[in-house]
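Enquirer: To convert, note that position 42 of the sequence shown is 42 in full-length UniProt numbering; the numbers rise steadily by one, no gaps.
All residues carry an ideal CB built from backbone N, CA and C; glycine is no exception.
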Amino acid sequence: MIRSVGSSYALLSCSHCPAVECASAMGSPLHRRSPTTDSTTYIHASEPDEPPRKRWYQYLPLLATISLILSPHPSLLLVLVKHHLVTLASPLTFVVHLASTYALTFMIFTSLIICAARDPGPPELPETGLDDDGNGETIGLTDALKYDFDFSAPGMWCRKCWAPKPERTHHCTYCGRCVLKMDHHCPWIGHNCIGHRTYPAFLHFLLCITLFAAYLAVLSANAVLYAFRNPFEVDVTLPMHEIFLFFMGVIFTIVIGSFFVYHLYLTFTNQTTLESLSPFLLLRHLPPLPHSGHKLSDPPMEHELSYQQRRLVKDAHREILLYDIGWKQNAKQALGWTHPYGWLVRLFGGGASPGDGRSFPRNPKSDEMLARLAKELLEVEKDR
1 MIRSVGSSYA
11 LLSCSHCPAV
21 ECASAMGSPL
31 HRRSPTTDST
41 TYIHASEPDE
51 PPRKRWYQYL
61 PLLATISLIL
71 SPHPSLLLVL
81 VKHHLVTLAS
91 PLTFVVHLAS
101 TYALTFMIFT
111 SLIICAARDP
121 GPPELPETGL
131 DDDGNGETIG
141 LTDALKYDFD
151 FSAPGMWCRK
161 CWAPKPERTH
171 HCTYCGRCVL
181 KMDHHCPWIG
191 HNCIGHRTYP
201 AFLHFLLCIT
211 LFAAYLAVLS
221 ANAVLYAFRN
231 PFEVDVTLPM
241 HEIFLFFMGV
251 IFTIVIGSFF
261 VYHLYLTFTN
271 QTTLESLSPF
281 LLLRHLPPLP
291 HSGHKLSDPP
301 MEHELSYQQR
311 RLVKDAHREI
321 LLYDIGWKQN
331 AKQALGWTHP
341 YGWLVRLFGG
351 GASPGDGRSF
361 PRNPKSDEML
371 ARLAKELLEV
381 EKDR
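#1: On the criterion of 16 or more Cβ atoms from any shown chain inside 10 Å, does Leu92 qualify as buried, or is it exposed?
#2: Short check: CB of His285 to CB of Leu321, under 8 Å?
#3: Run the CB neighbour count on Tyr57, radius 10 Å, all protein chains shown included, and call it buried at 16 or more, exposed below.
#4: Does the beta-carbon distance from Leu216 to Leu76 come in below 8 Å?
#5: Which of helix, strand or coil does DSSP assign to Cys115?
#6: Quick one: Cα of His204 to Cα of Thr169, how far?
#7: Can you name the start and end residues of the alpha helix (DSSP H) that Pro186 belongs to?
#8: Go ahead and pull the three-state DSSP assignment for Pro122.
#9: Just the C-alpha distance for Leu312 and Leu281, rounded to the nearest angstrom, thanks.
#10: Consult DSSP for Cys208 and reduce its assignment to one of helix, strand or coil.
#11: Mind the definition here: the region 289-308 touches the region 232-239 only if three or more C-beta pairs lie below 8 Å; say whether that holds.
#12: With three or more beta-carbon pairs closer than 8 Å as the criterion, would you say the region 91-107 touches the region 182-197?
#13: Which value, in whole angstroms, describes the spacing of the CA atoms of Arg384 and Ser111?
#14: Going by C-alpha to C-alpha distance, which of Leu266, Phe212 and Ile243 sits closest to Val255?
#15: Span of the alpha helix (DSSP H) holding Val380?
#16: Buried or exposed for His73, going by 16 or more other Cβ atoms inside 10 Å?
#17: With H, G and I counted as helix, E and B as strand and the rest as coil, what does DSSP make of Asn270?
#18: Count the other C-beta atoms from every protein chain shown that fall within 10 angstroms of the C-beta of Ser278, then say buried if there are 16 or more, exposed otherwise.
#19: Just to confirm, is the Cβ distance from Ser220 to Leu245 under 8 Å?
#20: Would DSSP call Asn230 helix, strand or coil?
#21: Please name the residue, chosen from Gln333, Cys161 and Glu379, that lies closest to His196 on a Cα-to-Cα basis.
#22: Using the three-state DSSP reduction, which class does Gly190 fall into: helix, strand or coil?
#23: Relative to the C-alpha of Pro187, which residue among Val380, Glu242, His84 and Leu62 is closest?
#24: Would you give the residue range spanned by the beta strand (DSSP E) that residue 423 belongs to?
#25: Classify His196 as helix, strand or coil using the three-state DSSP reduction.
#26: Taking DSSP's pairing of strands, which residues face Pro164 in a bridge?
#27: Rounded to whole angstroms, what is the Cα-Cα separation between Glu379 and Tyr307?
#28: Measuring only the C-alpha atoms, how far is Ile189 from Gly293?
#29: May I ask you to report which of helix, strand or coil DSSP gives His170?
#30: Note down, in chain order, each residue of its chain lying with its Cβ closer than 7 Å to the Cβ of Phe260, except the 5 sequence neighbours on either side.
#31: Given Ala214, which residues of its chain have a CB within under 8 Å of its CB, disregarding the five upstream and five downstream residues?
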């Protein structure tokens, strides 16, 4: 059984599984066992469930991000007024450029607020219908197992949080907690993680910054060319602001644009940054290995592998995309939409990814490729 203690759950673990006891214990209650002792312990409501509070200095990178976003605006206003409104005497282009740049700025800040303020995805247990009144109500183990959480599977139980760790969930050392479909930890957005509930907003953030920077570069480049061709018609100090905007726009277009293109690649192949950069995460998805004939754990651990085995895993990592179900479905899963052009709303409006963030459809070819990798690892192991 699972016992509700305050706002927490208490789970029983045995010597073989850190999460759920064997099926033979169907009639016994589930408690939570301490990882360092054999005694059964409970999580009480007095124990903190929330991650540690952030220190003030952890918000300094966020302030730097805001400053960088706002830094071109004084020069931008000066160029718009003196070049388009005064020199060119074109109120229409002035209004168009002003509306475009500040619309992009507004969208940058909306997505930044979502990324900084929204929880990226707490891997809590599903709702069980228990009243959170601290009365210690219980439900049967049979009912508890219907939520499709295989706590005994490799990598499905966090030994740092001592809590369930659903599929594609990772523990963030900086935040001190697990995050659903964690992509990466970003100090520039308020020392927060990018996860299941914030990834579309993060893509939106990168897209808007890239568009804003490119717009600045083109706008200021035209103004600089006009200043060189008509040096006596412009203000003496105006070209300095135009050159500043041009170089700032070019630099941010290249840097943030490259980052955005990389994340588009991850979106269309259904990978997270962690999955893309961590080839040995594949090991936890290998099929069960034979019980004899090798010295590897089941699943194998990275430190147990030889150099040749490591190369096999790294080469296979480029081919085995566990969650790649086609680029259209991948993008739909990451951004989420219900009609043919709904992706535009997500792309330009941010939002959370669809689904519960705990289970994901697999690439139908991945099981065969994982079995082949396991076979190759065992063949190399026999030759060691």
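Expert: Quick look at the numbers:
#1: With fewer than 16 Cβ atoms within 10 Å of its Cβ, Leu92 is classed as exposed.
#2: Not a contact, by the Cβ cut-off of 8 Å.
#3: Under this definition Tyr57 is an exposed residue.
#4: Going by C-beta atoms, Leu216 is nearer than 8 Å to Leu76.
#5: Here Cys115 sits in helix by DSSP.
#6: Roughly 22 Å separates the two Cα atoms.
#7: Strictly speaking, residue 186 in this sequence is Cys, with Pro absent from that position. For Cys186, no alpha helix (DSSP H) run applies; the uninterrupted beta strand (DSSP E) run containing it begins and ends at His184 to Cys186, by DSSP.
#8: Correct three-state label for Pro122: coil.
#9: Whole-angstrom Cα-Cα distance: 13 Å.
#10: Taken through DSSP and simplified to helix, strand or coil, Cys208 comes out as helix.
#11: A contact between stretches requires three or more CB pairs, one per stretch, nearer than 8 Å, and the region 289-308 fails this requirement with the region 232-239.
#12: Output reads no: the region 182-197 does not touch the region 91-107.
#13: Their Cα atoms are separated by approximately 52 Å.
#14: If we check each option's Cα against that of Val255, Phe212 comes out closest.
#15: Taken as a continuous stretch (DSSP letters only), the alpha helix (DSSP H) holding Val380 covers Ser366 to Lys382.
#16: The residue in question, His73, is exposed, as its Cβ has fewer than 16 Cβ neighbours within 10 Å.
#17: Collapsing the DSSP output to three states places Asn270 in coil.
#18: That one is exposed.
#19: In this structure, Leu245 lies closer than 8 Å to Ser220 by Cβ.
#20: Coil.
#21: Closest option to His196, judged by alpha-carbon separation, among Gln333, Cys161 and Glu379: Gln333.
#22: Looking at Gly190 - three-state DSSP - the assignment turns out to be coil, as it is neither helix nor strand.
#23: Minimum Cα distance to Pro187 is reached at Leu62.
#24: Because the chain spans 1 through 384 in this model, residue 423 falls outside it and cannot be assessed.
#25: Residue state, collapsed to three classes: coil.
#26: DSSP, once it has assigned bridges, lists Trp157 as partnering Pro164.
#27: So the alpha carbons of these two residues sit roughly 14 Å apart.
#28: Each residue's alpha carbon lies about 50 Å from the other.
#29: His170: strand per DSSP, three-state reduction.
#30: So the qualifying residues of the chain are Leu206, Leu207 and Thr210.
#31: Only Gly249, Thr253 and Gly257 meet the Cβ criterion.
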